[in-house]
Amino acid sequence: MRAHPSLQIISLGLICSLSSAAGCDGCAATPEGSMLTGRHFLLDSAEGFTPVDGTRVSVRFTENGFPEGPGFGFSAGCNSHFGSYTLRDGALVIDGLGATEIGCDEALSSQDAWLAAFFTASPTMALDGDQLDFRSEQ
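Heads up: the sequence shown begins at 75 in the numbering used here, then just goes up one per residue.
As structure tokens, this is what we get:
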């Protein structure tokens with residue numbers, strides 16, 4: 075069985091490493107949308123961000139998003155978030171991030187809000203094999 079590729083999030087000292095289940099031979103430093111479609115990344119590590127105990131941060135890229143275009147989504151133990159995305163100058167640009175509305179405790183709701191703010195702040199992305207890194211000055 076193949077290990078999940080990793081994702082890294084960096085924001086003012088924040089570093090998160092996420093991994094994906096699908097391999098990516100010959101991936102470039104700055105990914106193109108087609109390199110991400112169908113891939114699922116799980117958080118491996120982080121600096122400046124500590125996930126709530128017992129949760130797992132996951133990020134998915136799909137062919138179809140909402141309202142249109144390629145899809146982006148994440149979950150972190152409470153609600154599922156989803157939207158469309160484009161890549162612009164190496165940055166992830168989310169269009170209309172939506173979410174389910176499960177009633178979660180304060181810690182999980184805060185974690186969801188922090189991650190939603192991070193991903194909608196257009197972090198830059200770099201893909202190295204199965205590791206996806208996000209960086210933001212937010």
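Ideal Cβ placement from N, Cα and C applies to all residues, glycine included.
Helix, strand or coil: how does DSSP classify residue i here?
i, result
"Phe-192", "helix"
"Ala-187", "helix"
"Ala-150", "coil"
Going by beta carbon distance, what residues of the same chain come within less than 8 Å of residue i, once the five residues before and after it are set aside?
i, result
"Val-167", "Tyr-159, Thr-160, Leu-161 and Ser-196"
"Leu-189", "Val-131, Phe-148, Ala-150 and His-155"
Report all residues from its chain with a CB closer than 7 Å to the CB of residue i; omit the five preceding and five following residues, and keep chain order.
i, result
"Val-126", "Gly-151, Ala-181, Leu-182 and Gln-185"
Among the candidates the options, whose CA atom is the shortest distance from the CA of residue i?
i, options, result
"Phe-140", "Gly-157, Arg-130, Val-131 and Ser-132", "Gly-157"
"Phe-123", "Thr-198, Asn-153, Gly-172 and Phe-192", "Phe-192"
"Cys-178", "Asp-202, Thr-198 and Asn-153", "Asn-153"
Output yes or no for whether 8 Å exceeds the beta carbon distance between residue i and residue j.
i, j, result
"Thr-111", "Phe-135", "yes"
"Gly-143", "Thr-198", "no"
So, for residue i: in the same chain, excluding its five sequence neighbours on each side, which residues have a beta-carbon less than 6 Å away from its beta-carbon?
i, result
"Thr-129", "Ala-150 and Gly-151"
"Thr-275", "Outside the shown range of the chain (75 to 212) lies residue 275, about which nothing can therefore be said."
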